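Student:
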Amino acid sequence: MATAPIVEIDKVSFGYDAARPVLHGVSLRIEPGSVVGIMGQSGCGKTTLLRIIAGWLKASAGNTRVLGESVRDLDSDGIYALRRKMGMLFQFGALFTDMTVFDNVAFQMREHTDLPPDLVHDLVMMKLEAVGLRGVAQRMPSELSGGMARRVALARAVALDPRLMLYDEPFTGLDPISLGVIARLIRTLNDSLGQTSIVVSHDVEECFAIVDYVYFVSAGRIVAEGTPDELRRSAEPFVSQFVQGEPDGPIPFHYPAPGYQADLAAPAENA
Amino acid sequence: MFAALRQGLADLGGGATAKVRRLGFAARFFVAILLHSGTAFRRFGLTIREIYFAGVLSMVIILVSGLFVGMVLGLQGFETLQRYGSGDALGVLVALSLVRELGPVIAGLLFASRAGSAITAEIGLMKATEQIAAMEMMAVDPIARVVAPRFWAGVISMPLLAALFSALGIFGGYLVGVKLIGVDEGAFWSQMQASVDVRNDILNGVIKSVVFGVAVTWIAVFEGYDAPPTAEGVSGATTRTVVTSSLAILALDFVLTALMFTGGNAK
Amino acid sequence: MKRSIIDIWVGTFVAVGFGGLLFLALKVGNLASFSTAETYQVQAKFANIGGLKVRAPIKSAGVVVGRVSNVTFDNESYEALVTFNVDAQYRFPRDTSAKILTSGLLGEQYVGLEAGGDGVMLKQGDRLRLTQSAVVLENLISQFLFNKAAEGKDSKDSKDGK
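Chains A, B and C are the protein sequences, given in the same order. Positions 25 to 295 (our numbering) are the ones given, in order, by the first sequence. Positions -6 to 260 (our numbering) are the ones given, in order, by the second sequence. Positions 151 to 312 (our numbering) are the ones given, in order, by the third sequence.
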């Protein structure tokens, strides 16, 4: 008997306004204990999907079940209770700039629990040790490099051992070493803490190295899914364009524009 | 040409409805702040920290400005009063001008430009760098944790700053009038004490400064929270805070003065 | 910013702020007017109160002994009915007179009480019998002109050898 999926999205549609829908009838399942990648071009709707899972945006159609709860039926207290079991790593870390690294990681413990200061101190040190940054505990976020800030944000997000972790473009703008570190941390934390993780990214290399399953999103629809190996061998044109990084294919190089000759022949606008 | 005119009118109407919608949102935001103020008081340390940033750091500009305004009042006031042989009434002029009007209003304007803009920029930047979103993801209500303490800090700081402004101003008027020009010290203070009523003048001045504090801080936190998450967005919001707060202070001042200081004479 | 330093500064700020308020209330303002001393109410009728306002002072021998609390129009006698709150510590005889005076030449108006000689003192709710209305400038001027005109007529009569 299969265990219930951690996240179950069934034919979900969403649009910021009715004229421009962002997601059309998306369906996916996330099995417990797995690391799942949601990949696609910039602006294809993958971040929107993440926000719907987190309860930020309400889908206009379809059903979203997270950790057994139907997200759209929850009131604000219910959503807050659900978020206590989730953690999210934002694209640039989003550390609180007016507190030290230590206070950032201790934030959730202090807000949601009554743990004594000694215990909080030990827990914070353990989390920072897990990401390898115990030594910067007393620094301010502005003194950290991008990669270090993101690792601290990761420690902060897993502070209360959430069951579901959401990663919004965790690989953006990092040097190769930091890339490797973050990728390894995502996988290790997921396995050692018994979590389930969803990674939204467009970095094929790093993502394929750590995920168990991938969903490809394009123009608000799931166009392909499978394990990294399956997708590497796939002959599907969009998948192969994306995986190989080809400039032209199902996603055209040229943005739609009127005829080239006509544009060159048109008179220049007056300055 | 008609098309342009029609478009212009449509834009005007659209702009007006947008402003009304924004005002409605601001009003709901205000109610939300009040409802979520429990944390600001239960964990008073948060509010104390904000009082430091809003109130304590504004003290220098308030004290210095108060002193100078009082001194100018002393100089200019004496100039005019002396022509009618009423130089001894300088204390009354300085005290009533400051306590009733200049104290709350100028302190309010200075507070709006110093502390109000800082609050807007801070909240706007927190929103732009996703710190507010991160807080929401960690199941902490940002209105309770970030906005409400700043709001109450502003409301608490304003009357204290206005009182300091008036007190320093009166001292400045005393320095110029009595020490520099030579108005009789006894007449200065005794006429002042005879004419300044604690209930009517001082208390009303305090009420005004509380009202200004509510208005300025409300505008500051709202603009910060509503700012578009870009550099231009935050800078525009900061400017709007200062301008809107200043206009609000002057308009409210008129309304409150009409209610407080001329209501009795309507008979 | 260390927590203790912030607390110290905020404490200083609040203390200094309250000090400012206290300074204003005590040294600048007239705290006596805020006193909650006991008062008793007395009434008086005036033919014309001029510019007398509620909360105007009641003075006797130049010292403030109370405040005007209410001014109404008595539709029966067509006179103004003024109610005073007099400080309980000051007792006045029953035949005390009340005049409406002006402080300075063009200043605000107040009520002056002149004590009479009666042995019985005023009590709560009593009415003062002797009152003098405010001096109205227009009446004063027309009276002056009338006197001047009468003087001129008299001297003319005497010159004509009456």
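Cβ atoms here follow ideal geometry from the backbone N, Cα and C, with glycine treated the same way. Here the structure is a predicted model, which means the values were calculated and not measured.
Ala78 (chain A) touches chain B at which residues, Cβ-Cβ below 8 Å?
Tutor: Those within 8 Å of Ala78 (chain A) in chain B are Met130.
Student: Let me know the secondary structure DSSP gives Leu91 (chain A) once reduced to three states.
Tutor: Reduced to three states, the DSSP call for Leu91 (chain A) is coil.
Student: Taking Asp276 (chain C) as the reference, give the member of C:Glu301, C:Ser283, C:Val286 and C:Phe234 with the closest Cα.
Tutor: It is C:Phe234 whose Cα lies nearest to the Cα of Asp276 (chain C).
Student: Cβ closer than 8 Å: which chain B residues qualify as neighbours of Ile291 (chain C)?
Tutor: Those within 8 Å of Ile291 (chain C) in chain B number zero; the least Cβ separation is about 23 Å.
Student: Below 8 Å on the Cβ atoms is my contact criterion, and I expect Ala141 (chain B) with Ser58 (chain B) to pass it. Report the Cβ-Cβ distance as a whole number of Å.
Tutor: Ala141 (chain B) to Ser58 (chain B), Cβ: 29 Å. No contact.
Student: Give the secondary structure of Phe223 (chain C) by DSSP, where H, G and I count as helix, E and B as strand, and everything else as coil.
Tutor: Phe223 (chain C) falls in the strand class under three-state DSSP.
Student: Below 8 Å, can you find three or more Cβ-Cβ pairs linking the stretch 117 to 130 of chain B to the stretch 178 to 192 of chain B?
Tutor: Touching, no, given that fewer than three Cβ pairs across the two stretches are closer than 8 Å.
Student: To the nearest angstrom, how far is it from the Cα of Gly92 (chain A) to the Cα of Ala11 (chain B)?
Tutor: The alpha-carbon atoms of Gly92 (chain A) and Ala11 (chain B) are separated by roughly 40 Å.
Student: Any chance the stretch 236 to 249 of chain B sits against the stretch 207 to 219 of chain B, with 3 or more Cβ pairs inside 8 Å?
Tutor: The answer is yes - the stretch 207 to 219 of chain B touches the stretch 236 to 249 of chain B, with three or more Cβ pairs under 8 Å.
Student: Measuring CB to CB, does Val125 (chain A) end up less than 7 Å from Leu209 (chain A)?
Tutor: Taking 7 Å as the Cβ cut-off, Val125 (chain A) and Leu209 (chain A) do not qualify as a contacting pair.
Student: So that I know if they touch, is there some Cβ in chain B lying closer than 7 Å to that of Val178 (chain C)?
Tutor: True, the Cβ-Cβ gap to chain B drops below 7 Å.
Student: Under the three-state reduction of DSSP, which class applies to Leu295 (chain C): helix, strand or coil?
Tutor: DSSP places Leu295 (chain C) in helix when its eight states are reduced to three.
Student: Can you give the beta carbon distance from Ala179 (chain A) to Leu143 (chain A), rounded, assuming they're within the 8 Å contact cut?
Tutor: Rounded, the Cβ-Cβ distance is 16 Å, inconsistent with contact.
Student: Which residue's Cα is closest to the Cα of Leu300 (chain A): A:Ile222, A:His226, A:Thr137 and A:Asp192?
Tutor: Absent from the structure is residue 300 (chain A), since the part of chain A shown begins at 25 and ends at 295.
Student: Can you tell which of A:Leu168, A:Ala118 and A:Pro56 has the C-alpha that lies nearest to the C-alpha of Glu193 (chain A)?
Tutor: Nearest of A:Leu168, A:Ala118 and A:Pro56 to Glu193 (chain A), Cα basis: A:Ala118.
Student: State yes or no: is the beta carbon of Glu135 (chain A) nearer than 7 Å to at least one beta carbon in chain B?
Tutor: Yes, Glu135 (chain A) counts as interfacial toward chain B.
Student: For chain A, is any of its Cβ atoms less than 7 Å away from the one on Ala33 (chain B)?
Tutor: Not one chain A Cβ lies under 7 Å of Ala33 (chain B).
Student: Buried or exposed for Gly78 (chain B), going by 16 or more other Cβ atoms inside 10 Å?
Tutor: That one is exposed.
Student: Buried or exposed: Tyr191 (chain A), going by 16 or more other Cβ atoms within 10 Å of its Cβ?
Tutor: Under this definition Tyr191 (chain A) is a buried residue.
Student: Expressed to the nearest angstrom, what Euclidean distance is found between the alpha-carbon atoms of Met253 (chain B) and Glu94 (chain B)?
Tutor: Between Met253 (chain B) and Glu94 (chain B), the C-alpha separation is close to 12 Å.
Student: Quick check: what's the CA-CA separation for Leu174 (chain C) versus Gly170 (chain B)?
Tutor: If I take the Cα positions, the gap works out to 18 Å.
Student: Do the CB positions of Val160 (chain C) and Tyr45 (chain B) come within less than 7 Å of each other?
Tutor: Closer than 7 Å, so yes.
Student: Using a threshold of 7 Å, state whether the C-beta atoms of Gly49 (chain A) and Ser37 (chain A) are closer than that.
Tutor: Closer than 7 Å, so yes.
Student: If you draw a straight line from the C-alpha of His226 (chain A) to the C-alpha of Val235 (chain A), how long is it?
Tutor: Rounded to whole angstroms, His226 (chain A) to Val235 (chain A) spans 13 Å at the Cα level.
Student: Can you give the Cα-Cα distance for Ala(-4) (chain B) and Leu2 (chain B), rounded to whole angstroms?
Tutor: If I take the Cα positions, the gap works out to 10 Å.
Student: Leaving out five residues before and five after Thr212 (chain A) in sequence, what residues of the same chain have Cβ atoms less than 6 Å from its Cβ?
Tutor: Excluding residues within five positions, none has a Cβ falling inside 6 Å.
Student: Take Phe23 (chain B) and list the residues in its own chain whose beta-carbon comes closer than 7 Å to its own, dropping the five residues that flank it on each side.
Tutor: Around Phe23 (chain B): Trp211.
Student: State the Cα-Cα distance for the pair Gln193 (chain C) and Val215 (chain C), rounded to the nearest angstrom.
Tutor: If you take the alpha carbons of Gln193 (chain C) and Val215 (chain C), they lie about 15 Å apart.
Student: To the nearest angstrom, how far is the alpha carbon of Gln282 (chain C) from that of Lys203 (chain C)?
Tutor: The straight-line gap from Cα to Cα measures roughly 16 Å.
Student: Go through its chain and collect everything with a Cβ distance to Leu113 (chain A)'s Cβ below 6 Å, but skip five positions before and after it.
Tutor: Excluding positions up to five away in sequence, the list reads Ala177, Leu178, Ala181, Tyr191 and Pro194.
Student: DSSP three-state call for Arg277 (chain C): helix, strand or coil?
Tutor: In the structure shown, Arg277 (chain C) sits in a strand (DSSP, three-state: E or B).
Student: Can the beta-carbon of Ala243 (chain A) be found less than 7 Å from the beta-carbon of Val263 (chain A)?
Tutor: No. Outside cutoff.
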